[in-house]
Amino acid sequence: MSNLKPQHNGACHCGSVRFKVRLTDEFNTIRRCSCSYCRMRGAIAVSAPLSEMEFIQGEDNLTLYQFNTGTAKHYFCKTCGIYTHHQRRSDPSQFGVNVACIEGVSPFDFPEVVVTDGVHHPSDTLGGDRIAGILRFSPTE
């Protein structure tokens, strides 16, 4: 981990998973996503380069969830079920870190949060047509 930016401590709810992280641009990258999964999860995430997240304990207590294209990797504590972070689909070189897991920070500290359009993700398009959610029929005679 580099020493150029402040280091934040983080943990899941039960404390089984603990980490240190240096954020890409502090809390200026805070956002929510509108995809089907993130809407249900409801978490606010902030960006961090993969190399700037270090697990102090409990990395082996994380479980992985993937869906749809399988590109994004969502991690949760096996004990308390809290989402701690995910490897981003939009930029796999970054983690999205659950703001609520960062020590001394609450998602309610941010009255305005950008919402990214995960429903119409650029990876779900091909020639301008959405791939996900479209069923094409070919007429047969």
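Going by UniProt numbering, the sequence shown opens with residue 1, and the numbers climb by one from there. Heads up, the beta-carbon is just placed ideally off N, CA and C, and yes, glycines get one too.
Bounds of the alpha helix (DSSP H) holding residue 36 are 36-41.
Only residues of its own chain outside the window of five on either side were considered, and among them 61, 63 have a CB closer than 6 angstroms to the CB of residue 78, listed in chain order. Beta-bridge partners of residue 45 (DSSP): 31, 98. 84 is the residue among 51, 84, 37 whose C-alpha sits nearest the C-alpha of residue 11.
Residue 115 and residue 43 have their C-alpha atoms spaced approximately 11 angstroms apart. Exposed is the label assigned to residue 56, since fewer than 16 other Cβ atoms lie within 10 Å of its Cβ. Spanning the alpha carbons of residue 73 and residue 9 requires a straight line of approximately 21 angstroms. Taking a 10 Å sphere around the C-beta of residue 47, we find 16 or more other C-beta atoms and assign the residue as buried.
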